[in-house]
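What follows is a set of notes on a single structure, which appears directly below.
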Amino acid sequence: MTENQLRDHIAALGKSLYDRGLAHGSAGNISVKLTDGWLMTPTNSCLGRLDPARISRLDSSGKIISGDKPSKETFLHISMYEERATAGAVVHLHSVHAVAVSCMDGLNAEDVFPPITAYAIMQVGKLALAPYYPPGDESLAQAVRKLAGKHHSVLLANHGPVVAGSSLDAAVNAIEELEQTAKLYLLLQGKPTRFLTPSQVADLNQRFAS
Ligand SMILES: [Zn+2]
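Structure, rendered in structure tokens:
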């Protein structure tokens, strides 16, 4: 895709996320890697109403070279790219079910969800939990950087999920699967549940290893 096609695609997927209630107000941000930098959704922009021409263009050091001022959560994205050479796009949302789970006590910080479905294992993988820090705090960037090498999906405590994918479509599909899994996890609370067994999980990881 050309840069202009990527800009249009960011706006189209942003609108799709917004229209389905996965993003609200100015919450959430999307970035895509280019050969010499990134496209990043602007600060205080609404994912449902992005103007492709105003999407921020960053150079390979993360400095803005054109467009509106980038999201103040840009550092979350850069931390993911720094640790994941294969990442082509990063999506961060404040989607309601994932945020609800991010506020729960006693989560396994290495692997937040029990093995509920095959697609959660294939697309979300082991979801890591990053401790709470205020938005924009440098400690949050460091916490994400520490986890991103091993996890393409990170849940920020009392905040929301950040997911890297090989392409924008892959990152959006994975974060949608994460939100769906969070919803299932909440629906199953207090109900006797038959989770996948460790051998079923190992089999999936072997069949669909990326
Ligand atoms: Zn956020």
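Counting from 858, one number per residue, gives the positions in the sequence shown under the numbering used here.
Where a beta carbon is used, it is the ideal one built from N, C-alpha and C, also for glycine.
Open item on the list: With H, G and I counted as helix, E and B as strand and the rest as coil, what does DSSP make of K1007?
Closed with: Coil at K1007, not helix or strand.
TODO: Give a yes or no on whether the C-beta atoms belonging to V874 and A880 are separated by under 8 Å.
DONE: The question names Val, but residue 874 is Leu in the sequence shown. Yes; because the gap between Cβ atoms is below 8 Å, this pair is in contact.
TODO: Output the residue ranges of the alpha helix (DSSP H) runs that lie fully inside the segment 893-960 and measure 4 residues or longer, sorted by chain position.
DONE: Complete alpha helix (DSSP H) runs here, min 4: 931-940 and 953-959.
- [ ] Look at the alpha carbon of E1033 and the alpha carbon of I922, and state the distance between them as a whole number of angstroms.
- [x] Those two C-alpha atoms are separated by around 31 Å.
Task: Status (buried if at least 16 other CB within 10 Å, exposed otherwise) for N901 - done: N901 is exposed by the Cβ-count criterion.
- [ ] With distances taken Cα to Cα, identify the nearest neighbour of L863 among A884, G885, A1005 and L896.
- [x] Answer by Cα proximity: L896.
Open item on the list: Please determine whether the Cβ atom of G833 lies at a distance below 7 Å from any heavy atom of ligand 1.
Closed with: Residue 833 lies beyond the range of the chain shown here (858 to 1067); nothing can be said about it.
TODO: Using a threshold of 8 Å, state whether the C-beta atoms of G1017 and A957 are closer than that.
DONE: Not closer than 8 Å, so no.
Task: Chain-order list of residues whose beta-carbon lies under 6 Å from that of H934 (same chain, five-residue window excluded) - done: Only S888 and V947 meet the Cβ criterion.
TODO: Compare the beta carbon distance of S822 and P899 with 8 Å and say whether it is the shorter of the two.
DONE: The chain is shown only over 858 to 1067; residue 822 falls outside these bounds and no answer can be derived.
- [ ] Go ahead and label K926 buried or exposed: buried means 16 or more other beta carbons lie within 10 angstroms of its beta carbon, across all protein chains shown.
- [x] When all chains shown are included, K926 counts as exposed.
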